[in-house]
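There are 2 protein chains.
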Amino acid sequence: MRAFANQGNRARRPRVVIVGGGFGGLYAAKGLKGAPVAITLLDRNNHHLFQPLLYQVATAGLSPEQIAAPIRSILSRQQNAEVVMAEVVGVDTQRQRVLTDRGEIPYDILVLATGSRHSYFGHEEWERFAPGLKEITDAMDVRQRILTAFEMAEVEESAEARERWLTFVLVGGGPTGVEMAGQIAEMARFTLVRDFRHIDSRSARIVLVEAGPRILPSFHPELSAAATRFLAHNGVEVRTGVKVTHIDQEGVVLETSLPATHGQGEERIYSHTVIWSAGNRASPAARWVGAPTDRMGRAKVAPDLSVPGHPEIFIIGDAAYFEQDGKPLPAVAPTAIQMGTYVAKVIRARVEGRPQPPTFRYFDKGDLATVGRHFAVFCRERGGGFPRVRLKGFIAWALWLSVHIYFLIGFANRLLVMLNWARAYFTYGRGARLIIRGVVCGQHRPSEEESAPVCR
Amino acid sequence: MRAFANQGNRARRPRVVIVGGGFGGLYAAKGLKGAPVAITLLDRNNHHLFQPLLYQVATAGLSPEQIAAPIRSILSRQQNAEVVMAEVVGVDTQRQRVLTDRGEIPYDILVLATGSRHSYFGHEEWERFAPGLKEITDAMDVRQRILTAFEMAEVEESAEARERWLTFVLVGGGPTGVEMAGQIAEMARFTLVRDFRHIDSRSARIVLVEAGPRILPSFHPELSAAATRFLAHNGVEVRTGVKVTHIDQEGVVLETSLPATHGQGEERIYSHTVIWSAGNRASPAARWVGAPTDRMGRAKVAPDLSVPGHPEIFIIGDAAYFEQDGKPLPAVAPTAIQMGTYVAKVIRARVEGRPQPPTFRYFDKGDLATVGRHFAVFCRERGGGFPRVRLKGFIAWALWLSVHIYFLIGFANRLLVMLNWARAYFTYGRGARLIIRGVVCGQHRPSEEESAPVCR
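Protein sequences, first through last, are from chains A and B. With the working numbering, you'll find the first sequence wraps up at 456, consecutive numbering, no jumps. With the working numbering, you'll find the second sequence wraps up at 1456, consecutive numbering, no jumps.
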């Protein structure tokens, strides 16, 4: 592999290999700008993805191109960094080499920022019926399913079958589930309302299912309650304390775990469109390097984010488990960004022979989730010299809007996204409402006439 | 099927079924706004595509969402029209029914606007090595191939293999081939120039192959020559009088048909990225209804665009063959638009019991093709009371820009496309430079380590 051959020419510089071009990996690379190292950033995709807005792609509000940018172009002016598109399959910690589908890449220092995938709690067979949202392909898949469901309902003769196409189930009441529910509701109530002749898109049933006692569990209960009220007001059925015990092409089976609320026993919701946002599982980074893990497969890292016994290997972002003040850090973009920036400092100090910076400490800027039009929740507990803040409604929504536009990487994308949103805001339109035939593979379309292509 | 059941309710209104939501079908539907008919527009995709800009999606300048709009939303306010997403498989002209993968749809009047696909002149096996550009999936496929080729070249050790990845062959010197060649050249010379560490993207070899004696054969020879000079100046090898006799995963084999220019015999160009724009073949519309065809499969239609012997069936756009003043009409968007508009008038007159308008006559507004930055050609022969006009260079380019932005359907898309172009213009950037794993099926990647998913 050529990257290897060429790295030899820069041999005197320590070789830093970063695996993953998400927030963690990208900020680690950017943090090493100008440092006397030779960086190779590996990713199986050619783009960095602004994952917090992925649900907007899934609900046809934005195009993939608006929330993703080629990693190459982000790092094009950073002379000590090269980008290689390859899939990592393992790490040889003895010989200090990353094993990829395109050959081996030697490292002196390794940063693993490989993120997480969905976890179906041992029911991986559910994935084809209930995809989650991690990558652009996931979002495209979900978008096709949602739009196709309305198309199918429009031409369906039987009222029962129509209802199944117009029922949308979101599994998991975290920010993604809440955002998706809010977006689908808005789409059904406004965007699509004039488009069909045989169905009333407003009759769509949108069910948000959460096993725990409340949605948005990482927020204050008061904010969870406000979000629940907002969703209910906008036509979303919020079902808490309800566990999903089975998913198939007919829909989901629920088990009421809190007898008080809905009675005991099983309930089936018939739906062809189920979306999963209930659980994550770390990528196999910890396994590659033999690091100890928590039950979600995240590597338990040392206070400087290195792997115990391997000071030359760091694991950051969603792939890492790190406790602070007795609590694990949340798996969100700011955690990955701060970890990436910190690791860059550690590496820079090490190669320049300076003392290592103090151990990693996460600075919590607060937790923010948007629920729908003009409505978001924000919550920041006391600490770091800041008072407690809890916001809900329009102010939190305006905050959410500015934060997301500001942080959207791809820079020049900002204006375009803003304009797209402005248009969507005033017209309730969604410019990205395309169903692209053949593009989404593994799509599940239980129609009799045709079988869907499966290529995953 | 529900569309059928429901149409019964509007039984007294003549049922007009339009197959195809391209320019022809859409303008036919829009032309019938307010007419006392019940329109059903069928398309296998949910979107109308602004095909003249598809090459921009293929070369990562625009996102698919920017040049396509849901047919439903375009027709949402037209109460006499409904849209059904279904694939037509045939027509029963006896029983007056359209046969689709979702059931049968009865018609009183049928408009077939099903367009064309590529023709490989009997070598359909070439398609997997040399895709063409008709639908969004095609453009996404081509985009992936182009971007992936640079990625592969970057990590390739052998100079020979690298060269093959950096060689791009465009087969066919019509507007699409010329536009693609110009765009790839611009990408290689400007956009990507800082992105790679091991290759110089400017060293890419871009070959435009045309069997005839000159590129842009529908334009005046003077304009063809100007376009050739412009392309050559920008690093594109223009090879005219050269026939492609074979395509495989190693590249193309050329046969020099004009001994004078390049000597006789065979020549192989090694390339992993070959794009086809050499020939079209009409969709099977003519076959469905038993209409006479030309050798490209286009239906030879009557002067009112109906099928001889079937006054209730019209065939328009690329699927139709129509001679005017002894010459066949070009297969371009304006032809389809004018035919759609005309057919709507004929139908309206017929259902309102008025005399049919005079036979169809195409009004030629001129022929326009963009070659690259600041350079387009425009040509309009004398006729219709207008003088002859031939333009090349910046003025034609400015004209091209305004015409395309103006006609871009999707209305609100205009501002976004303009901004995207403005950004690309000033920065040479391409916001849509994403390689989406798993999204493009049937992609050909002749690497040893992995076999590409194939789902077509």
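Positions of the beta carbon are idealized from the N, C-alpha and C atoms, including for glycine. These numbers were taken from a predicted model, which means no experiment stands behind them.
Q) Going along chain A in order, which residues have a C-beta closer than 9 Å to the C-beta of methionine 1085 of chain B? A) Here residue 1085 of chain B is taken as the residue at index 85 of the second sequence, counted from 1. The contacting residues are Thr148, Glu151, Met152, Glu154, Val155 and Ile435.
Q: Would you give the residue range spanned by the beta strand (DSSP E) that methionine 85 of chain A belongs to?
A: Residue mapping note: residue 85 of chain A aligns to position 85 of the first sequence, counting from 1. First-last of the beta strand (DSSP E) with methionine 85 of chain A: 81 to 85.
Q: Compare the C-beta of arginine 1077 of chain B against all C-beta atoms of chain A and say whether one is closer than 8 Å.
A: For the purposes of this step, residue 1077 of chain B is taken as residue 77 along the second sequence, with counting starting at 1. Cβ-Cβ to chain A under 8 Å: yes for arginine 1077 of chain B.
Q) Using a C-beta to C-beta distance shorter than 9 Å, which residues of chain D count as neighbours of aspartate 1195 of chain B? A) The structure shown contains no chain D; its protein chains are A and B.
Q: Mind checking which residues open and close the beta strand (DSSP E) that includes glutamate 1266 of chain B?
A: One-based indexing of the second sequence puts residue 1266 of chain B at position 266. Its beta strand (DSSP E) spans residues 1266 to 1270.
Q | Residue-chain proximity (arginine 1012 of chain B, chain A), Cβ-Cβ < 8 Å | A | As a first step, residue 1012 of chain B must be located in the second sequence, where it is residue number 12. Taking Cβ atoms only, chain A never reaches closer than 8 Å to arginine 1012 of chain B, which makes this a no.
(Q) List, in chain order, every chain A residue whose beta-carbon is nearer than 9 Å to that of serine 1063 of chain B. (A) Sequence index remark: in the second sequence, residue 1063 of chain B carries index 63 (1-based). By Cβ distance, chain A contributes Ser63, Pro64, Glu65, Gln66 and Ala432.
Q) Does the region 302 to 309 of chain A come close enough to the region 332 to 347 of chain A that 3 or more CB-CB pairs lie under 8 Å? A) yes
Q) Got a sec: is the Cβ-Cβ distance from arginine 1015 of chain B to anything in chain A below 8 Å? A) Residue numbering aside, residue 1015 of chain B sits at position 15 when the second sequence is read from its first letter. Output row for arginine 1015 of chain B: interface = no.
Q. Are any of the Cβ atoms in chain B nearer than 8 Å to that of asparagine 46 of chain A?
A. Taking the first sequence and counting its residues from 1, the one referred to as residue 46 of chain A is at position 46. It does: the Cβ of asparagine 46 of chain A has a partner Cβ on chain B nearer than 8 Å.
Q.
Can you pull out the residues from the region 93 to 107 of chain A whose beta carbon lies closer than 7 Å to at least one beta carbon of chain B?
A. Asp101 and Arg102
Q) Should aspartate 101 of chain A be labelled buried (16 or more other beta-carbon atoms within 10 Å of its own) or exposed? A) The residue labelled residue 101 of chain A in the question sits at position 101 within the first sequence. Aspartate 101 of chain A should be labelled exposed.
Q) What beta strand (DSSP E) runs, 3 residues minimum, are completely inside the region 1286 to 1346 of chain B? A) 1310 to 1315
Q: If I'm right that valine 1207 of chain B touches arginine 1239 of chain B with Cβ under 8 Å, what's the distance once you round it to whole angstroms?
A: For the purposes of this step, residue 1207 of chain B is taken as residue 207 along the second sequence, with counting starting at 1. For the purposes of this step, residue 1239 of chain B is taken as residue 239 along the second sequence, with counting starting at 1. Contact holds; Cβ gap of about 6 Å.
Q) By DSSP, does proline 1052 of chain B sit in helix, in strand, or in coil? A) On the second sequence, position 52 is the one that residue 1052 of chain B refers to. It is helical.
(Q) On the CB-based measure, 16 or more other CB atoms within 10 Å of its CB, does serine 1402 of chain B come out buried or exposed? (A) As a first step, residue 1402 of chain B is located in the second sequence; it is residue number 402 there, counting from the start. The residue is exposed, with fewer than 16 neighbouring Cβ atoms inside 10 Å.
Q: Could you pull the start and end residues of the beta strand (DSSP E) that glycine 103 of chain A belongs to?
A: Here residue 103 of chain A is taken as the residue at index 103 of the first sequence, counted from 1. 103 to 106 is the extent of the beta strand (DSSP E) around glycine 103 of chain A.
Q: Measure the Cβ-Cβ separation of valine 351 of chain A and proline 36 of chain A and say whether it is below 8 Å.
A: Translated into the one-based positions of the first sequence, residue 351 of chain A becomes position 351. Translated into the one-based positions of the first sequence, residue 36 of chain A becomes position 36. Against a cut-off of 8 Å, the Cβ pair of proline 36 of chain A and valine 351 of chain A comes out as a contact.
Q: Verify whether the separation of the beta carbon atoms of serine 1277 of chain B and threonine 1114 of chain B is less than 8 Å.
A: Counted from its first residue, the second sequence places residue 1277 of chain B at position 277. Counted from its first residue, the second sequence places residue 1114 of chain B at position 114. The answer is no: Cβ separation not under 8 Å.
Q) Do you know offhand how far threonine 1245 of chain B's Cα is from glycine 1034 of chain B's? A) The residue you call residue 1245 of chain B lines up with position 245 of the second sequence. The residue you call residue 1034 of chain B lines up with position 34 of the second sequence. Cα to Cα, threonine 1245 of chain B sits roughly 52 Å from glycine 1034 of chain B.
Q: Report the residue ranges of all alpha helix (DSSP H) runs contained in full by the region 157 to 238 of chain A; include only those spanning at least 4 residues, in chain order.
A: 159 to 165, 175 to 186 and 221 to 233
(Q) Relative to the C-alpha of leucine 1062 of chain B, which candidate in B:Ile1071, B:Phe1050 and B:Leu1032 has its C-alpha closest? (A) If you number the second sequence from 1, residue 1062 of chain B lands on position 62. Among B:Ile1071, B:Phe1050 and B:Leu1032, the Cα nearest to that of leucine 1062 of chain B belongs to B:Phe1050.
Q. Buried or exposed: phenylalanine 322 of chain A, going by 16 or more other Cβ atoms within 10 Å of its Cβ?
A. On the first sequence, position 322 is the one that residue 322 of chain A refers to. So phenylalanine 322 of chain A counts as buried.
Q) What do you get for arginine 1361 of chain B, buried or exposed, if any count of 16 or more other CB atoms within 10 angstroms of its CB means buried? A) Taking the first residue of the second sequence as position 1, residue 1361 of chain B is located at position 361. Exposed is the call here.
Q.
So, with DSSP's three-state summary, where would you put isoleucine 958 of chain B?
A. No answer is possible for residue 958 of chain B: the residues shown for chain B start at 1001 and end at 1456.
Q | At least 3 beta-carbon pairs within less than 8 Å: the region 153 to 168 of chain A vs the region 293 to 301 of chain A | A | no
Q: Determine the burial state of lysine 1392 of chain B: buried for a count of at least 16 other Cβ atoms within 10 Å of its Cβ, exposed for fewer.
A: By one-based count along the second sequence, residue 1392 of chain B stands at place 392. Label assigned to lysine 1392 of chain B: buried.
Q: Check whether the region 1192 to 1199 of chain B touches the region 1220 to 1233 of chain B, taking contact to mean three or more Cβ pairs, one atom from each stretch, closer than 8 Å.
A: no
Q. With 16 other CB atoms within 10 Å as the buried threshold, where does aspartate 141 of chain A fall?
A. Within the first sequence, the letter at position 141 stands for residue 141 of chain A. The residue is buried, with at least 16 neighbouring Cβ atoms inside 10 Å.
Q.
Taking a contact to mean a Cβ-Cβ separation below 8 Å, would you say valine 343 of chain A touches glycine 251 of chain A in this structure?
A. Here residue 343 of chain A corresponds to residue number 343 of the first sequence, with the count starting at 1. Here residue 251 of chain A corresponds to residue number 251 of the first sequence, with the count starting at 1. Not in contact: valine 343 of chain A and glycine 251 of chain A (Cβ atoms no closer than 8 Å).
Q: Would you grab the beta carbon distance between histidine 48 of chain A and isoleucine 74 of chain A for me? Rounded to a whole angstrom, and I think it's under 8 Å.
A: In the first sequence, residue 48 of chain A corresponds to position 48, counting from 1. In the first sequence, residue 74 of chain A corresponds to position 74, counting from 1. Histidine 48 of chain A to isoleucine 74 of chain A, Cβ: 6 Å. Contact.
Q. How far does the alpha helix (DSSP H) with glutamate 1151 of chain B in it reach, from first residue to last?
A. Taking the second sequence and counting its residues from 1, the one referred to as residue 1151 of chain B is at position 151. Residues 1136 to 1155.
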